[in-house]
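Below is one structure, written out as structure tokens; the observations come after it.
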Amino acid sequence: MTATIEQRTTTGRGNGIFALKSFRRGDVVLVGELDATPIKNHSHASQLSKTKFGFHKGLSSKFNHSCDPNCGIIVNDTGGHNVVALGDISAGEETTYDYAMRNYAIEHFPDACICGAPNCRASITGWRDLPQQRKDAYAGFVAPYLIEIDREKTASSAASAASAVSAGA
Ligand SMILES: [Zn+2]
281 MTATIEQRTT TGRGNGIFAL KSFRRGDVVL VGELDATPIK NHSHASQLSK TKFGFHKGLS
341 SKFNHSCDPN CGIIVNDTGG HNVVALGDIS AGEETTYDYA MRNYAIEHFP DACICGAPNC
401 RASITGWRDL PQQRKDAYAG FVAPYLIEID REKTASSAAS AASAVSAGA
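Residues 281 to 449 (the working numbering) are what the sequence shown spells out, left to right.
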């Protein structure tokens, strides 16, 4: 099989993953293959479900974060994270995704984000801290458990608001 991506040195951002061919929106850039047993939250682990964290094999962990990424995450049948083109990508372009597309909270990147995007959030934050507009822009390209957590939080805050109203009545 011919490689369609490869690891290269970026300018100022360490190593990254680059496209060797062009991709169109929805094309799978990398099939996510899970490695070993899930472990507790760790700096290089990805969130795999509402409560589980784990590692992927191969180049999965080598993608750089961007606040304006050209790829997204779609969870495949094995629970692995496929990296999927969010828009058209040309051969030679760096492929990135937003780490918030798979992690609800990010506590392991204390340093400033250096992605260079005009809309850079200044630090790498999780899904929890994304503005709604960004969440909408990523629709269909984020891990579904993030949406589920949001839905549960909305439901529980609505429930507590309702109980506050009845307590006050
Ligand atoms: Zn950024």
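The beta-carbon is built from N, C-alpha and C at its ideal position, and this holds for glycine as well.
Minimum Cα-Cα distance from residue 420 among the listed residues 366, 446, 436, 402 corresponds to 366.
For residue 393, the shortest separation between its Cβ and any heavy atom of ligand 1 lies below 7 Å.
Within its own chain, the residues whose Cβ lies closer than 8 Å to the Cβ of residue 370, once the five positions on either side in sequence are excluded, are 299, 302, listed in chain order. Annotation for residue 431 indicates a beta carbon at 7 Å or more from all heavy atoms of ligand 1. Under DSSP, residue 326 shares a beta bridge with 334. Within the DSSP secondary-structure output, residue 363 pairs in a beta bridge with 310, 353. For residue 287, the number of other beta carbons within 10 angstroms of its own is below 16, and it is reported as exposed. When DSSP reads this structure, residue 303 sits in a beta bridge with 369. In terms of CA proximity to residue 393, 348 leads the group 331, 333, 304, 348.
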